[in-house]
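In our numbering, the protein residues as written are 387 to 666.
Reviewing the structure listed below.
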DNA sequence: AAGATTACCTGAAGGC
DNA sequence: TGCCTTCAGGTAATCT
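Right, here's the structure in full:
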């Protein structure tokens with residue numbers, strides 16, 4: 387389940403392996419993952435070189451550049467990618483495709499496989515390389531949002547803070563795993579309302595979220611269901627997790643039994659001692 | 001208008 | 001063995 391750290395590592399892999407290479411072909415096994423249509427995506431991208439890879443929250447935006455046109459303007463095409471739950475890239479010359487491989491990119495003879503068991507992920511042509519219209523409603527990236535803006539966007543809200551941290555309109559990048567980890571480190575209960583928190587607590591949530599995201603990036607992400615890096619190696623952040631997936635086990639800090647609760651339809655784990663329940 | 005729920009998919013896991 | 005139900009979770013769409 388890729389969140390910001392996993393997406394960041396995928397982006398780095400694509401950049402490191404493929405930047406400057408020309409896309410010579412695109413085999414489409416299942417066109418449902420491409421927007422607006424497989425024909426249009428292929429037409430826009432084939433023949434162009436991958437110039438840069440950028441990330442916003444959990445979105446990757448690939449900048450493809452073709453030969454200059456008659457006006458000597460660079461000919462760009464931008465592909466926005468969201469892996470959703472199970473999207474994966476493999477850059478392995480001897481990778482064996484199964485029935486879940488939907489796309490095979492050919493970068494100057496190097497095959498790049500896109501696999502997605504649940505077919506939730508999308509690869510979509512967009513016009514704007516910085517902030518495409520399709521994600522105009524998405525908030526600032528979690529790693530770059532400033533404290534004043536953070537307070538402004540979340541400080542007055544009344545919904546459970548866990549639900550708001552998952553809401554990409556407030557800030558982009560956190561998913562279920564890292565929200566639970568961030569709240570644990572910040573010592574804030576998942577059901578607490580931001581409007582009831584102190585300024586210090588709000589600041590702490592942002593600080594800890596950034597900390598856990600940076601740490602996870604440096605560990606190659608978390609393998610919990612089926613995230614692996616582009617070589618097929620699992621991320622190794624999983625053993626660092628403090629609460630996610632550990633309901634019923636003991637808190638690593640205080641030995642209390644971790645509890646599970648559903649917040650906004652999502653499973654959540656917290657420590658009842660380290661993250662005391664707010665008065666409700 | 002904000003908050004809550006459901007649809008989209010497939011595979012794993014548990015019950016009987 | 002095998003059928004059925006539930007769960008997993010990111011986001012868009014739909015409901016209250």
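Even for Gly, the Cβ is constructed at its ideal location relative to N, Cα and C.
Cβ separation of residue 571 and residue 594, assumed to be a contact under 8 Å, to the nearest whole Å: The beta carbons of residue 571 and residue 594 sit about 4 Å from each other, so the pair counts as a contact at 8 Å.
Which one of 630, 434 and 646 has the shortest CA to CA distance from residue 452? If we check each option's Cα against that of residue 452, 434 comes out closest.
Exposed or buried, which one is residue 653 when buried takes at least 16 other CB atoms within 10 Å? Residue 653 counts as exposed, since fewer than 16 other C-beta atoms from the protein chains shown sit within 10 angstroms of its C-beta.
Which residue comes first and which comes last in the alpha helix (DSSP H) that contains residue 402? Start and end: 390 to 404.
At which residues does the alpha helix (DSSP H) containing residue 566 begin and terminate? Residue 566 -> alpha helix (DSSP H) spans 562 to 572.
Throw me the rounded Cβ distance for the residue 630 and residue 389 pair, which I believe falls under 8 Å. The C-beta separation of residue 630 from residue 389 comes to about 11 Å, leaving the pair out of contact by the 8 Å criterion.
Determine the contact status of residue 471 and residue 506, defining contact as a CB-CB distance below 9 Å. Against a cut-off of 9 Å, the Cβ pair of residue 506 and residue 471 comes out as a contact.
Expected contact under 8 Å - CB spacing of residue 527 and residue 549 to nearest Å: 20 Å between Cβ atoms; not a contact.
Would you kindly work out how many angstroms separate the C-alpha atoms of residue 664 and residue 632, rounded to a whole number? Cα-Cα distance, rounded: 22 Å.
Residue 500 and residue 511: beta carbons closer than 9 Å? Not in contact: residue 500 and residue 511 (Cβ atoms no closer than 9 Å).
In chain order, what residues of the same chain have a beta carbon less than 7 Å from the beta carbon of residue 660, not counting five sequence neighbours either side? Within the same chain, Cβ atoms closer than 7 Å to the Cβ of residue 660 are found at 570, 573, 637, 639 and 640, the five residues on either side in sequence being excluded.
If I measure Cβ to Cβ from residue 605 and keep anything under 6 Å in the same chain, skipping five residues before and after, which residues do I get? Within the same chain, Cβ atoms closer than 6 Å to the Cβ of residue 605 are found at 622 and 623, the five residues on either side in sequence being excluded.
Report the three-state DSSP secondary structure of residue 559 (helix, strand or coil). Correct three-state label for residue 559: coil.
Which of the three DSSP states is assigned to residue 643 in this structure? Strand, per DSSP.
For the structure I just gave you, are there three or more beta carbon pairs, one from the segment 536 to 552 and one from the segment 437 to 450, closer than 8 Å? Look at the beta carbons and you see the segment 536 to 552 not touching the segment 437 to 450: under three pairs across the two are nearer than 8 Å.
Integer-rounded CB distance, given that residue 436 should sit under 8 Å from residue 407: Confirmed, about 6 Å.
Taking the alpha carbon of residue 485 as the reference point, which residue from 493, 504, 403 and 496 has its own alpha carbon closest? Considering only alpha carbons, the answer is 504.
In whole angstroms, what separates the C-alpha of residue 392 from that of residue 456? A straight-line Cα-Cα distance of about 40 Å links residue 392 and residue 456.
State the start and end residues of the unbroken alpha helix (DSSP H) segment that holds residue 430. Taken as a continuous stretch (DSSP letters only), the alpha helix (DSSP H) holding residue 430 covers 424 to 431.
Return the Cβ separation of residue 400 and residue 492 in integer angstroms, given the expectation that the two are a contact with Cβ distance under 8 Å. Not a contact, Cβ separation roughly 14 Å.
Tell whether a beta-carbon distance below 9 Å holds between residue 496 and residue 479. A contact, by the Cβ cut-off of 9 Å.
Enumerate in chain order the residues of its own chain whose CB-to-CB distance from residue 555 is below 8 Å, with the five nearest sequence positions on each side excluded. Only 523, 524 and 525 meet the Cβ criterion.
Less than 6 Å between C-beta atoms, sequence neighbours within five positions excluded: which residues of the same chain meet that for residue 424? Cβ neighbours of residue 424 beyond the five flanking positions: 414 and 417.
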